[in-house]
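Novice: Protein chains in written order, with full-length UniProt numbering: chain H, 1 to 248; chain L, 1 to 222.
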Amino acid sequence: MRIRLKVWRQESGDDAGKMVSYLLENVNPDMSFLEMLDTLNEQLLQEGSRPVEFDHDCREGICGQCGVMINGRAHGPLLHTTTCQLHMRVFKDNEEIFIEPFRAIAFPVKCDLKIDRTAFDRVIQSGGFIAVNTGQAPEANSIPIGSPEIEAAFDAAACIGCGACVAVCKNSSAALFTSAKISHLALLPQGAIEAQDRVIRMVDQMDKEGFGHCSNTEACEAECPQEISVLHIARMNWEYNKAQVLKK
Amino acid sequence: MGQRKQQTLSRKNWMAFTGLFLCSFLVIHLLGNLQLFLPDEKAHQQFNAYSHLLSGNILIKIISYVLYASIVAHVVYAVIITVTNKRAGGIKYHYDRRGAVSKWYSRNMGLLGTVIFIFLVIHLRDFWYIYKFGQLPLDAQGNKDLYTLVVAVYSELWYVVIYVICMIALCYHLLHGFFSAARTLGVYHPRYAQWIRVFGWAYSIGICAGFAAIPVYVHFLK
Ligand code: HEM
Ligand code: FES
């Protein structure tokens, strides 16, 4: 199939950047979206031009490295699917495809489609852990945890940190990402101990990075490759309000 | 700004508190106004007496000041939130189809709120201001004759149309606002979150249909 691309090109963070058109013939419908971009880059290299930079790693939907805006949707037209798991067969022959980086003040573009998502790392570093000295793994059954709690915590922990929630949010809010970690740890006895401190510190850091407010539009859950529930955001708000009332 | 912490959450708490207070006010306001549906004579007398009762009550006075403060705070925070959210976005997408995965009214609370705000200005000018500061003739009981004013104002068709449109805007604002406020305050339990959503729908439609029915009824049947 034949694909007409419009790709965001930007030399570096300081460069203004612009959309550039490319034509790609002979695209195999069974290619993944990233393989299509690889093909584009081969073509660009043969022409002697600079290839398009984009992030990726596992290419099997688990690492959260890939992620671009495709035709105005985070990770493309499918719900709950990473860019690497998207295939060209969902597009029509001769379709025009817009590819842009995830946009947010907190996610500055480094080059082309590559963005700096270390804001997420700093949010996690501010409290997304439990403060224990790691030694030998303790006996697994020494802390009783109910199966539903484990499952709920695991659902929250499934977040791969791709940033689609921020990209799709009209407010560029990181509420889903931050709340998934807060929820994950608040649900478990090991994490509950520091829950109050954690929520304050993580929300502080989230705000400091320049993310917006949550308006509960729920677009983030719809696009999230891991289907992280927006109810985690409500739990974060609950934990936050609880911490405000109980803090000493 | 910048010194106080966790502002994205604390500002939203204020939005939710003030919004829910306004929601509870709407219930009382509608219940009182339902008296306009009474037979003409009775409505006339009772509505004026009710207005007089409210204006003399100290408790109502306190609540009315909380109400003014809530409207001001809700609007001020709405502006701050909207401006900071715009700033957080950075460069706009050239091709933006993000709207496909959320409800239009959840993304346009500011626009709907602006319509409500304009409505509030018109509404307060025509009734509240005249009742408090204007010259109203007295009815047979010696109460200010608000009823006759209401009937006169709603006799204009274009006025009724504006009212109904504004009530539709309010309905959509509440359709998202009610459940959003519950989320903001932290209702995360799936069962209660669902109940609140259903209750919010019933509330929004009930309140707005009730308010919209009043000018329509008065215009065509009085
Ligand atoms: C009778 C009048 C009103 C009622 C009952 C009301 C109610 C509410 C409620 C319950 C919320 C949800 C709060 C949350 O998400 O936590 C809300 C949100 C909002 N309101 Fe109002 N509101 C009213 C008037 C207004 C006015 C006059 C404006 C603006 C000029 C406004 C602007 C907004 C905005 C922008 C939001 C969304 C905030 C966000 O993005 O999360 N509202 N409103
Ligand atoms: S490359 Fe790892 S999730 Fe797409």
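Just so you know, even glycine gets a beta-carbon here, dropped at the ideal spot from N, CA and C.
Taking all protein chains shown into account, do 16 or more other C-beta atoms lie within 10 angstroms of the C-beta of L:Pro-137, making it buried, or fewer, making it exposed?
Specialist: Looking at its Cβ environment, which holds fewer than 16 other Cβ atoms inside 10 Å, L:Pro-137 is exposed.
Novice: Going by beta-carbon coordinates alone, are L:Leu-111 and L:Tyr-172 separated by less than 7 Å?
Specialist: Their beta carbons are not under 7 Å apart, which means L:Leu-111 does not touch L:Tyr-172 by this criterion.
Novice: Reducing DSSP to helix, strand and coil, say where H:Val-20 ends up.
Specialist: If DSSP states are grouped into helix, strand and coil, H:Val-20 belongs with the strands.
Novice: Taking only the alpha-carbon atoms, compute the straight-line gap between H:Ala-158 and H:Pro-189 and give it to the nearest angstrom.
Specialist: One C-alpha to the other measures close to 18 Å.
Novice: What does H:Asn-71 touch in chain L if you count any residue whose Cβ is under 9 Å from its own?
Specialist: The answer, in chain order, is Tyr-95, Arg-97.
Novice: For chain L, check one thing: does any of its Cβ atoms lie closer than 7 Å to the Cβ of H:Gly-210?
Specialist: Yes - at least one Cβ of chain L is within 7 Å of the one on H:Gly-210.
Novice: Report yes or no: do three or more beta-carbon pairs, one from the region 131 to 139 of chain H and one from the region 25 to 43 of chain H, lie closer than 8 Å?
Specialist: No, because fewer than three Cβ pairs between the region 131 to 139 of chain H and the region 25 to 43 of chain H fall closer than 8 Å, the two stretches do not touch.
Novice: Look at the alpha carbon of L:Tyr-147 and the alpha carbon of L:Ser-64, and state the distance between them as a whole number of angstroms.
Specialist: Their backbone Cα atoms lie some 21 Å apart in a straight line.
Novice: So, does the region 226 to 239 of chain H touch the region 150 to 157 of chain H, judging by three or more C-beta pairs under 8 Å?
Specialist: Yes, they touch.
Novice: Extract the residue ranges of the alpha helix (DSSP H) inside the region 18 to 65 of chain H, only unbroken runs of 4 or more that lie entirely within it.
Specialist: Entirely contained in the region 18 to 65 of chain H, the alpha helix (DSSP H) runs reaching 4 residues are, in chain order, 33 to 46.
Novice: Starting from the Cα of L:Ile-71, find the closest Cα among L:Ile-116, L:Ser-106, L:Ile-28, L:Ala-88 and give me that residue.
Specialist: Looking at the Cα atoms, L:Ile-116 is the closest of the given residues.
Novice: So within the region 184 to 211 of chain L, which uninterrupted alpha helix (DSSP H) runs reach at least 4 residues, ignoring any that extend past its ends?
Specialist: With a minimum length of 4 residues, no continuous alpha helix (DSSP H) run stays inside the region 184 to 211 of chain L.
Novice: Taking only the alpha-carbon atoms, compute the straight-line gap between L:Gln-3 and H:Ile-115 and give it to the nearest angstrom.
Specialist: Any reading at L:Gln-3 needs caution, since the residue's pLDDT is 44, under 50, leaving its predicted position unreliable; the model's value is listed next. Computed Cα separation, rounded: 28 Å.
Novice: Where does H:Lys-92 sit, in a helix, a strand or coil, going by DSSP?
Specialist: Three-state DSSP puts H:Lys-92 in coil, outside helix and strand.
Novice: Are the beta-carbon atoms of H:Tyr-240 and L:Leu-9 separated by less than 7 Å?
Specialist: Closer than 7 Å, so yes.
Novice: Using a 10 Å radius around the Cβ and a threshold of 16 neighbouring Cβ atoms, would you call H:Gly-127 buried or exposed?
Specialist: H:Gly-127 should be labelled buried.
Novice: Keeping to the same chain, check which residues put their C-beta closer than 7 Å to that of H:Ile-124; ignore five residues upstream and five downstream.
Specialist: Answer for H:Ile-124: Lys-181, listed in chain order.
Novice: Does any residue of chain L bring its CB to less than 7 Å from the CB of H:Asn-94?
Specialist: Cβ-Cβ to chain L under 7 Å: no for H:Asn-94.
Novice: Between H:Ile-3 and H:Val-20, is the Cβ-Cβ spacing less than 7 Å?
Specialist: Their beta carbons are not under 7 Å apart, which means H:Ile-3 does not touch H:Val-20 by this criterion.
Novice: Put H:Cys-111 into one of helix, strand or coil per three-state DSSP.
Specialist: Here H:Cys-111 sits in strand by DSSP.
Novice: Can you list the beta strand (DSSP E) stretches of 3 or more residues lying completely in the region 130 to 203 of chain H, in chain order?
Specialist: DSSP runs (the beta strand (DSSP E)) wholly in the region 130 to 203 of chain H: none.
Novice: Are there three or more Cβ pairs, one per stretch, closer than 8 Å when the region 56 to 68 of chain H is compared with the region 81 to 97 of chain H?
Specialist: Counting Cβ pairs under 8 Å, three or more are found: they touch.
Novice: Is L:Cys-23 near the ligand HEM, judged by its Cβ being under 6 Å from some heavy atom?
Specialist: Yes, since a heavy atom of the ligand HEM falls inside the 6 Å radius drawn around the Cβ of L:Cys-23.
Novice: What would DSSP say about L:Gln-3, mapped onto helix, strand or coil?
Specialist: Any answer about L:Gln-3 is weak, because its pLDDT of 44 lies below 50 and its placement is not dependable; what the coordinates show is given next. Here L:Gln-3 sits in coil by DSSP.
Novice: Any heavy atom of the ligand HEM closer than 6 Å to the CB of H:Lys-92?
Specialist: Checking the Cβ of H:Lys-92 against the ligand HEM gives no.
Novice: Would you list the residues sitting across from H:Arg-4 in a DSSP beta bridge?
Specialist: H:Arg-4 pairs with H:Leu-23, H:Glu-96.
Novice: Please determine, among L:Ala-73, L:Ile-162, L:Lys-86, the residue with the shortest C-alpha to C-alpha distance to H:Phe-211.
Specialist: If we check each option's Cα against that of H:Phe-211, L:Lys-86 comes out closest.
Novice: On the CB-based measure, 16 or more other CB atoms within 10 Å of its CB, does L:Leu-221 come out buried or exposed?
Specialist: Exposed.
Novice: Would you say L:Ala-181 and L:Ala-49 are within 7 Å of each other, going by their C-beta atoms?
Specialist: Result no, Cβ atoms of L:Ala-181 and L:Ala-49 do not sit closer than 7 Å.
Novice: Distance cutoff 7 Å, beta carbons only. Does H:Leu-185 sit that close to anything in chain L?
Specialist: No, no contact with chain L.
Novice: What does the Cβ neighbour count give for L:Ile-60, buried or exposed, with the cut at 16 atoms within 10 Å?
Specialist: It is exposed - the Cβ of L:Ile-60 has fewer than 16 other Cβ atoms within 10 Å.
Novice: If you draw a straight line from the alpha carbon of H:Pro-108 to that of H:Gln-244, how long is it in whole angstroms?
Specialist: One C-alpha to the other measures close to 32 Å.
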